[in-house]
Amino acid sequence: MLAYERFGSGEPLVLVHGIAHRRQAWYPVAERLAEHREVILFDLPGHGESPALDLAGRTVQEALHQHLVDLFDELDLVRPHIAGNSLGGRIALEAAASGIVSSATGLSPAGFWRDDKDFLLIRAHFIALIAAGRAAAPLAPLLTRSGIGRRLMLASLMTHGERLTPERVLGDLTNMVDSRHTLADIIGGAFPFEDDIAADIPVTVAWGTRDRVLLPYQGRRARQRLPRAEHVWLPGSGHVPMSDDADAVVEILLRGSAGGLLARADDAA
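Those letters in the sequence shown? Residues 1 to 269, by UniProt numbering.
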C-alpha cells in the first residue's frame with residue numbers, strides 16, 4: 001500500500017508529486033485546498049514512505065497507472081479529481097485519458113519535449129541534480145540554516161526555496177537521493193504524451209514562466225497538443241510552483257477540479 005494522507009471535506013482531489021519528490025511537496029497548498037475538497041496526498045512507489053517501484057514485467061507507465069488504480073480502490077475513490085506536478089502532472093493527464101477521473105490539472109506536466117535530443121537535456125538535469133544532492137548531503141544541515149542557502153539549493157526547481165523550512169529541505173534532499181534508482185527506471189521508460197482525452201473531462205495545464213526543468217516552450221507545445229484544455233501561465237514560478245505562488249496554485253486547482261462538478265450538475269439538470 002502506498003503511503004498517503006487524507007483530510008478535508010468535499011469532492012475528493014488526489015494530488016500527485018513529481019519525480020524524486022514526495023507528498024510533502026503539496027503542504028504549502030494542502031490545508032487551504034482542504035477547506036473545499038477532500039485532499040488525498042500520497043507518495044509514488046519508490047518515493048517517500050511508499051514501497052519500491054516493482055515493474056513486474058510491465059512498462060513504467062503501466063506500473064504507475066496500476067498503482068493509482070489500486071490506491072483509488074483502497075480508498076473507495078470513484079472518479080475523483082486529480083492534479084499533479086511534473087511526473088505527477090503526466091500521471092494526472094494519463095488518468096484523464098483512461099477515464100478514471102472527473103477532471104485533471106497538470107502543473108508543468110512531463111511529456112511535451114520536442115525530440116530525443118531535447119529529452120537528453122531533461123535527463124541530464126536530473127542526473128546532475130541527484131549528483132549535486134549526494135555531494136551536498138554532508139553540508140546540507142549547515143546550508144539549510146539560512147534562507148539564502150535553501151534558495152540556492154533549490155534554485156533549479158523553484159524560485160523561492162527559502163520559504164521551505166530547513167527540515168523540509170533536508171527531508172526532500174534525503175528523499176531525492178534515496179529515490180535515484182526509481183528515477184533512473186522512470187526516465188529510462190519515458191516517452192512523449194500523445195494520449196487523447198475525452199471532451200467531457202475538464203483539463204487544466206499551468207506552467208511556471210521560470211521553469212528550468214521543463215522549459216516554458218513545453219507549455220506552448222501542451223497548448224497545441226491539448227487545445228480543449230484551459231492553459232494558464234504562472235508568472236515568476238519555477239518547476240515546483242506550490243511554494244512559489246501558493247495563492248495562484250490553490251485557485252487553479254480549485255477551478256480545475258470544479259469543472260467536473262459543473263459538468264455533473266449540468267447532466268443532472
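Just so it is clear, CB atoms sit at the ideal spot from N, CA and C, and this is done for glycine as well. Model, not experiment: these values are computed from the prediction.
- If you check the CB distance, Glu38 and Leu68 do not come in under 8 Å.
- Distance from the Cα of Gly84 is smallest, within the candidate group Leu129, Phe191, Leu77, Arg22, for Arg22.
- Counting other Cβ atoms within 10 Å of its Cβ, Thr105 reaches 16 or more and is therefore classed as buried.
- In terms of CA proximity to His125, His239 leads the group His239, Ala258, Ser257.
- The distance from the Cβ of Ile100 to that of Arg79 is about 6 Å, consistent with a contact at the 8 Å cut-off.
- Under the three-state reduction of DSSP output, Ile252 falls in the helix class.
- By the Cβ rule, the region 111 to 118 does not count as touching the region 32 to 48, because fewer than three pairs are nearer than 8 Å.
- The shortest C-alpha to C-alpha distance from Pro141 to any of Gly171, Ala96, Glu94 is the one to Gly171.
- With respect to Trp233, Thr209 sits close: the two C-beta atoms are nearer than 8 Å.
- Contact between Leu75 and Leu254 is absent: CB atoms are separated by about 21 Å, not below the 8 Å threshold.
- Put simply, the backbone Cα of Ser243 is about 7 Å away from that of Arg163.
- Secondary structure of Glu38 (DSSP, three-state): strand.
- For Thr159, there is no enclosing beta strand (DSSP E), since its DSSP letter is neither H nor E.
- Our two residues, Ser50 and Ala3, have alpha carbons roughly 5 Å apart in a direct line.
- A direct Cα-Cα distance of roughly 48 Å separates Ala198 from Arg145.
- Nearest neighbour of Gly219 by Cα position, chosen from Ala30, Arg6, Ser86, turns out to be Ser86.
- Taking C-alpha positions only, Arg212 is separated from Ala246 by approximately 19 Å.
- For Ile100, DSSP assigns no beta-bridge partner whatsoever.
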